[in-house]
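For the record, the sequence lines run as chains A and B. If you use this note's numbering, the first sequence corresponds to residues 46 to 480, in order. If you use this note's numbering, the second sequence corresponds to residues 1045 to 1146, in order. Cβ coordinates follow ideal geometry from the N, Cα and C atoms, glycine included. One structure is given here, and the rest of the page talks about it.
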Amino acid sequence: MGGRSAHTERREFIKMGNYSVFSLVKNAMTGHQNWQRAWRSPAPKPEYDVIIVGGGGHGLATAYYLAKEHGITNVAVIEKGWLGGGNVGRNTTIVRSNYMLPANTRFYEWSMKLWEGLSQDLNYNVMFSSRGVLNLAHTPAQIDAFARRGNSMRLQGVDAELLDRDQVARMVPGLDVSESARFPIIGGLCQPRGGTARHDAVAWGYARGASDRGVDIIEQCETTGFLFDETGKVTGVKTTRGDIRAAKVGVAVAGNTSNVLRTAGVNSLPIESHVLQAFVSEPLKPLIDTVVTFGAGHLYISQSDKGGLVFGGDIDGYNSYAQRGNLPIVEHVASMAVAMFPNLSRLRVLRHWGGIMDMSMDGSPIITTGPLDGLYLNAGWCYGGFKATPASGWCFAWTIAKNQPHALNADFTLERFHQGRTIDERGAGPQPRLH
Amino acid sequence: MRIPCPICGERDVGEFTYGGDATLSRPAMDETDTSVWNRFVYDRENPRGPHLEYWQHTGGCRAWFKLQRNVLTHEVGACELVGPWSGSPGKDVPAEQKGPVK
Chain A
46 MGGRSAHTER
56 REFIKMGNYS
66 VFSLVKNAMT
76 GHQNWQRAWR
86 SPAPKPEYDV
96 IIVGGGGHGL
106 ATAYYLAKEH
116 GITNVAVIEK
126 GWLGGGNVGR
136 NTTIVRSNYM
146 LPANTRFYEW
156 SMKLWEGLSQ
166 DLNYNVMFSS
176 RGVLNLAHTP
186 AQIDAFARRG
196 NSMRLQGVDA
206 ELLDRDQVAR
216 MVPGLDVSES
226 ARFPIIGGLC
236 QPRGGTARHD
246 AVAWGYARGA
256 SDRGVDIIEQ
266 CETTGFLFDE
276 TGKVTGVKTT
286 RGDIRAAKVG
296 VAVAGNTSNV
306 LRTAGVNSLP
316 IESHVLQAFV
326 SEPLKPLIDT
336 VVTFGAGHLY
346 ISQSDKGGLV
356 FGGDIDGYNS
366 YAQRGNLPIV
376 EHVASMAVAM
386 FPNLSRLRVL
396 RHWGGIMDMS
406 MDGSPIITTG
416 PLDGLYLNAG
426 WCYGGFKATP
436 ASGWCFAWTI
446 AKNQPHALNA
456 DFTLERFHQG
466 RTIDERGAGP
476 QPRLH
Chain B
1045 MRIPCPICGE
1055 RDVGEFTYGG
1065 DATLSRPAMD
1075 ETDTSVWNRF
1085 VYDRENPRGP
1095 HLEYWQHTGG
1105 CRAWFKLQRN
1115 VLTHEVGACE
1125 LVGPWSGSPG
1135 KDVPAEQKGP
1145 VK
């Protein structure tokens, strides 16, 4: 009976909450006073089929796809803060699938395909914009490497275009492409389908979609430990709002992975937590209508719809859980921005912040069953987690529902590091600060 | 963040290169158990709090040292030289001079 009333309530919720031009007009008539909350805020039940620890983009997407693709709706997402307060609201919103190694390419390309239909799928405008992602090249060796990566992408069905300097100049008018530039540009590799999406909307859209399908999203509820049965199988979580039991517990907590798994008795992982800073400038008229990345000096920059330039660079390079970085990176990123776009030299920075990256030892993610019975792990996103959000949730949901990985994430195991199967896109070796 | 180099004194973090977790010790070179090597190369405790770590003063004296640092607050604590210089007296510049080693 309880299930049936919840189902009826849910259908009512879906009907009330569907966004369309008609709902917009209707709510405009009443002064926008009657919009439904985008997701419910229930108290935790004592037991669920699946608990997802971490209400970031990946956790919410996992819950959404568990409900949508696998019909598993008795799910709770446990979030220690508020939705959108972690890395899903701290990234620089870039979406791309321009990887070279097959495991990464097919996974990120599936993510790209999900991005392309995401607003319609969620009935929520995530403002995905295929404005192109351009990697700049400064040396013949870099052009060769880009041609190789571009060929690898095209062989795997991903769009890639190798550009010469004149094409780069036409694509990005503000860029200093002169031969006297501090770092002269000789070309670039462009993925035209890449672009940006509004990160907050991704969290909110997945939260709403999951909540509509019956998932309980429980904010302000920190996971402090795990429950086990006598065989050592994980049977739930301890939280600041009491114990919650579940047959399956998925962990998707990005930079806090080591910390959360330590409370389950897993004391070491192939992960280091590092701080990555990001910046937003004061708003400008349209200046950069694509995403430009300067890998040689490490800068990536795009312009938000509000006009602010959104940019970032390297991680600070030392272990950190502090969600704030230090000044050398601020100086470095600013100087790289001015080297590429001299017209930014007097632009003021409006905001800057840090997020904690779960840097894996090979720069590639982990989506797997384990490391304990009843536990599932989604981690190791380095600083590329945002673009992975849809496929990460999709693959993690599959892995949890079927107790085995999908072919798309079969290579993203935890054991690969000890098996000589690392997926080291950059060829940097086991040094997290270099990926 | 400012790092106290045992030789040059307290300097800006930009002069230093990070060397990772210093609680790990390299297995003996005749160690043949790959799991021992794998743990050394890949597995980290990654604590959220006090962390003992290696740094090198690449923009100064180039010495390697171990630093105790809280990775949650970025508060730095004790440091000590490592390598052939560790324990040898007379290398320390008084902290108030803070001059580069020529």
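The C-beta separation of Leu167(A) from Gly250(A) comes to about 4 Å, placing the pair in contact by the 8 Å criterion. At a cut-off of 8 Å, the C-beta of His1101(B) has no neighbouring C-beta in chain A. Contact annotation: the stretch 135 to 145 of chain A touches the stretch 228 to 247 of chain A, with at least three C-beta pairs closer than 8 Å. If you draw a straight line from the Cα of Glu154(A) to the Cα of Lys447(A), it comes to about 22 Å.
At the C-beta level, Ile1047(B) and Trp1108(B) stay beyond 8 Å of one another. Chain A has a Cβ within less than 8 Å of the Cβ of Val1057(B).
Beta-bridge pairing by DSSP links Trp1108(B) to Gln1100(B).
Chain B has a Cβ within less than 8 Å of the Cβ of Ala367(A). In its chain, beyond the 5 residues on either side, Asn119, Val120, Ala121, Asp261, Ile289, Arg290 and Ala291 have a beta carbon closer than 8 Å to the beta carbon of Tyr93(A).
In the DSSP assignment, Glu275(A) forms no beta bridge with any residue. Neighbourhood of Tyr1062(B) in chain A, by CB distance below 7 Å: Gly362, Tyr363 and Arg478, in chain order. Secondary structure of His377(A) (DSSP, three-state): helix. Contact annotation: in the stretch 312 to 325 of chain A, residues whose CB is within less than 7 Å of a CB in chain B are Asn312, Ser313, Leu314, Pro315, Ile316, Glu317 and Ser318.
Under DSSP, Met1073(B) shares a beta bridge with no residue.
The distance from the Cβ of Ser365(A) to that of His1101(B) is about 20 Å, inconsistent with a contact at the 8 Å cut-off.
Distances from the CA of Leu321(A) to each of Met74(A), Thr107(A) and Leu479(A) were compared; the closest alpha carbon is that of Leu479(A). Remark: C-beta atoms of Val1115(B) and Arg1092(B) approach each other more closely than 8 Å. Against chain A, a Cβ distance below 7 Å from Ser1069(B) picks out nothing, because the smallest value is about 14 Å. In the DSSP assignment, Asp166(A) falls within the alpha helix (DSSP H) that extends over Leu163 to Leu167. Taking all protein chains shown into account, Val247(A) has 16 or more neighbouring C-beta atoms within 10 Å of its C-beta and is therefore buried.
In this structure, the CA atom of Leu329(A) is about 16 Å from the CA atom of Val336(A). Taking a cut-off of 8 Å for Cβ pairs, the stretch 294 to 314 of chain A and the stretch 421 to 428 of chain A touch, as three or more such pairs fall below it. Ile445(A) is a Cβ neighbour of Val95(A), given a cutoff of 8 Å.
In the DSSP assignment, Arg307(A) falls within the alpha helix (DSSP H) that extends over Thr302 to Arg307.
Bounds of the alpha helix (DSSP H) holding Asn72(A) are Val66 to Met74. Fully contained in the stretch 137 to 211 of chain A are the following alpha helix (DSSP H) runs of length 4 or more, in chain order: 147 to 161, 163 to 167 and 185 to 200. Near chain A, meaning a CB-to-CB distance below 7 Å, the residues of the stretch 1111 to 1132 of chain B are Val1115, Leu1116, Thr1117 and His1118.
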